């Protein structure tokens, strides 16, 4: 008779190994068909409600793609799910992106990136000078992005228009590679299948078809946090530094990652991480900052905060924008709320430093959500950051269990991380020698008793 001993899986459950980790394997066919049908309804709502032509174009094409995917899941039992993912990618991403790239349609940020790339080639800076901004009458004259993001517009500036030179194509390439690598580094089974499924969802396909400048930054943040789980602080610093060189929305990720490395790996690792991140950001953005510090500050700091003569058109029903529009001083109140949210998260990093990449990721999700809600000029599209990071966190947690179990476990880990202080996790430096002395005394006492 053979006695087989098995280790219980964290979180419990008696699932077949690997079953729940496969894309859509945790759901029945009827549930998957309902998910694609809900995506079709969302896309149809965008086509009917939105007043933005690129968004209406995406909604019209994506509604048909998601609807056909739902039919494929319901009709074909054996290969319906894989076919549905392929149909949704074709209908919700490839078709609208190709059409808008060929016709030149897109959100205003695409035109800003293309112009910034042309300025970078001509003048060595992606920003217009103070004189040009003073004479400008349109918000598109400002470039709120950091210099590294202008690289995505260089193919268009060098080779002309077309699908292969459209920035959105390269946004998508960087997102797929970086997000897939983040899932692979996190040991998520079927990482590239999950990447294809998430890319086909409205969360990614919608912004990528119309704009998509936030997606490479999002994927690099996820990859940087995944590398910290190994831990590889230098590699994580290089990746997060590159993300921070593209958009300021990655700066909170640097703060959270630095707190994690300092608390878990010590001061030396934190110095290496900070040096790698600052080195990449300095190489990418330093020459422009040295050349035009004033123009860079006006475009990337004052304009997003609404402190220039031409205000950002970003608007929504989020609390920060409503407060800013309510009365004359509301704008400063919204800025103060953003600062308070950032300080609250910073205080939590000092008092309750995270010791694992998942609690650190949930801390980052919380901070980004608060800052997006209270920003004076914000829109719902920025929620792609907390939602995309949440998807990576849940999938990396789900590699040993079901999606439902992973959601509950991740919430428990995040809550526990907020409650237990850092010093309760890790002994103080002077405690280690005392423990060694006590252990040595106990060994000598045991030897004396044995004799």
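In the numbering used here, the protein residues as written are 1228 to 1678. All C-beta atoms, glycine included, are put in the ideal place defined by N, C-alpha and C. Please read all numbers here as calculations on a predicted model, not as lab measurements.
Same chain, Cβ closer than 7 Å to residue 1421, neighbours up to 5 away in sequence not counted: Result list for residue 1421: 1250, 1410, 1415, 1622, in chain order.
Which same chain residues end up closer than 8 Å to residue 1399 when comparing Cβ atoms and leaving out the 5 residues on each side of it in sequence? 1320, 1324, 1426, 1435, 1439, 1442
Taking residue 1617 as part of the alpha helix (DSSP H), name the residues at either end of that continuous run. 1611-1624
Going by other Cβ atoms of all chains shown within 10 Å of its Cβ, with 16 needed for buried, is residue 1590 buried or exposed? buried
What is the DSSP secondary structure of residue 1511, counted as helix, strand or coil? Under the three-state reduction of DSSP, residue 1511 is assigned to helix.
On the DSSP letters alone, give me the boundaries of the alpha helix (DSSP H) that residue 1317 sits inside. Neither: residue 1317 is in no alpha helix (DSSP H) and is coded neither H nor E.
For residue 1292 and residue 1317, believed in contact at Cβ under 8 Å, the rounded distance: 6 Å
Below 8 Å on the Cβ atoms is my guess for residue 1545 versus residue 1600; work out the distance and round it to an integer in Å. About 5 Å separates the two Cβ atoms, so the contact holds.
Using 8 Å as the threshold, is the C-beta distance between residue 1405 and residue 1447 below it? Against a cut-off of 8 Å, the Cβ pair of residue 1447 and residue 1405 comes out as a contact.
If we call anything under 8 Å between Cβ atoms a contact, is residue 1269 one with residue 1311? no
Taking 8 Å as the cut-off, does the segment 1453-1473 touch the segment 1344-1361 (at least 3 CB pairs, one atom from each stretch)? no
Can you tell me whether DSSP reads residue 1642 as helix, strand or coil? Because the pLDDT at residue 1642 is just 37, under 50, the model does not fix this residue reliably, and the point stays unresolved.
What number of angstroms, rounded off, separates the C-alpha of residue 1370 from the C-alpha of residue 1526? 5 Å
By DSSP, does residue 1392 sit in helix, in strand, or in coil? coil
Near residue 1556, which residues of its chain fall below 6 Å by C-beta distance, leaving aside the five closest residues on each side in sequence? none
Three-way DSSP call (helix, strand, coil) for residue 1558 in this model: helix
At what residues does the alpha helix (DSSP H) containing residue 1282 begin and finish? 1280-1302
Determine the contact status of residue 1377 and residue 1337, defining contact as a CB-CB distance below 8 Å. no
Determine, using beta carbons only, whether residue 1572 and residue 1596 come nearer to each other than 8 Å. no
Determine, using beta carbons only, whether residue 1437 and residue 1281 come nearer to each other than 8 Å. yes
Between which two residues does the alpha helix (DSSP H) holding residue 1366 run? That residue, residue 1366, is in no alpha helix (DSSP H); it is neither H nor E in DSSP.
Reduced DSSP secondary structure (H/G/I, E/B, other) of residue 1492: helix
Helix, strand or coil for residue 1345 per DSSP? helix
Environment of residue 1511 [buried if 16+ CB atoms lie within 10 Å]: buried
Nearest candidate by alpha-carbon position, reference residue 1431, set 1610, 1620, 1520: 1610
Taking C-beta to C-beta, are residue 1475 and residue 1467 nearer than 8 Å? no
Limits of the unbroken alpha helix (DSSP H) element including residue 1548: For residue 1548, the enclosing alpha helix (DSSP H) covers residues 1546-1553.
What whole-angstrom Cβ distance do residue 1464 and residue 1501 have, given they're in contact under 8 Å? Confirmed, Cβ separation roughly 7 Å.
Along the alpha helix (DSSP H) that carries residue 1354, what are the first and last residues, could you check? Unbroken run through residue 1354: none, as it is neither H nor E.
Is it buried or exposed for residue 1258, if we count other Cβ within 10 angstroms and need 16 for buried? exposed
Helix, strand or coil for residue 1535 per DSSP? Three-state DSSP puts residue 1535 in coil, outside helix and strand.
Expected contact under 8 Å - CB spacing of residue 1290 and residue 1313 to nearest Å: Their Cβ separation, rounded to whole angstroms, is 17 Å, which puts residue 1290 and residue 1313 out of contact at 8 Å.
Helix or strand or just coil, what does DSSP make of residue 1505? helix
Where does the unbroken alpha helix (DSSP H) through residue 1588 begin, and where does it stop? 1584-1601
Can you tell me whether residue 1519 is buried or exposed? The criterion is at least 16 other CB atoms within 10 Å of its CB, across all chains shown. buried
Going by beta-carbon coordinates alone, are residue 1531 and residue 1561 separated by less than 8 Å? no
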